[in-house]
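Trainee: Sharing a structure with you now.
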Amino acid sequence: MRILVVSDTHNKHENLELVIEELHPDRIFHLGDGEGCEDYVEAVAECPVEIVRGNCDFASDLPAEVVMRVGAHVVMLTHGHYYQVNYGTQILAEAARDKGADVVFYGHTHVPEISQQGDVLVINPGSISYPRQEGRIPSYAVVDVDAMGEFTYRICYL
Numbered sequence: 001m002r003i004l005v006v007s008d009t010h011n012k013h014e015n016l017e018l019v020i021e022e023l024h025p026d027r028i029f030h031l032g033d034g035e036g037c038e039d040y041v042e043a044v045a046e047c048p049v050e051i052v053r054g055n056c057d058f059a060s061d062l063p064a065e066v067v068m069r070v071g072a073h074v075v076m077l078t079h080g081h082y083y084q085v086n087y088g089t090q091i092l093a094e095a096a097r098d099k100g101a102d103v104v105f106y107g108h109t110h111v112p113e114i115s116q117q118g119d120v121l122v123i124n125p126g127s128i129s130y131p132r133q134e135g136r137i138p139s140y141a142v143v144d145v146d147a148m149g150e151f152t153y154r155i156c157y158l
């Protein structure tokens, strides 16, 4: 199974459409700040989509976070702004651990990251629409789940 992980599209879809067409993912995780694009993302995805609410998703009915089993892992999806991710991911990793998750996906910073916080894998795909890291190249994450349910993952750039 291949999972496309994106965040912070802010209602700008051109790059998302390109990546979906190229990858043909089996699932999509959108980590918030779509600004009302959830129906559109679900329509173009042609696969199951999980979307959480970001700080710019005003008056949204989307969940603030989702915790679920994916393969051999329990993952937490969140935008990250409730966990002070602009100052590090320690609080986020602790929250994921408290919820029984060993992998947490977050957005908000628009900066891609893969790190290990103790026993919790932390992944931020960056922003596919409005990147903020040095070089400002749009980014997303791809997670491949093998037959044993284990993950291989990477940050990809347009």
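Residue 110 in this note's numbering sits at position 110 of the sequence shown, and the numbers go up by one each step.
Ideal placement from N, C-alpha and C gives every residue a C-beta, glycine not left out.
Here the structure is a predicted model, which is why all the values come from computation and not from measurement.
By the 10 Å Cβ neighbour count, where 16 or more other Cβ atoms means buried, how is His24 classified, buried or exposed?
Mentor: Exposed: under 16 other Cβ atoms inside 10 Å.
Trainee: Among all the DSSP beta bridges, which residues are the ones paired with Val49?
Mentor: DSSP output for Val49 lists Ile28 as bridge partner(s).
Trainee: If you count every other CB in all the chains shown that lies within 10 Å of the CB of Ala95, and 16 or more means buried, which is it?
Mentor: Burial call: buried.
Trainee: Alpha carbon to alpha carbon, how far is Asp33 from Gln90? Give it in angstroms, no decimals.
Mentor: In a straight line, the C-alpha of Gln90 is about 22 angstroms away from that of Asp33.
Trainee: Could you tell me which residues DSSP puts in a beta bridge with Asn144?
Mentor: Going by the sequence as given, residue 144 is Asp instead of Asn. BP columns for Asp144 point to Arg2, Thr152.
Trainee: At 4 residues or longer, what runs of the alpha helix (DSSP H) sit wholly inside the stretch 90 to 136?
Mentor: Runs of the alpha helix (DSSP H) inside the stretch 90 to 136: 90 to 98.
Trainee: Can you tell which of Gln116, Met1, Tyr140 has the C-alpha that lies nearest to the C-alpha of Ser127?
Mentor: The shortest Cα separation from Ser127 among Gln116, Met1, Tyr140 belongs to Tyr140.
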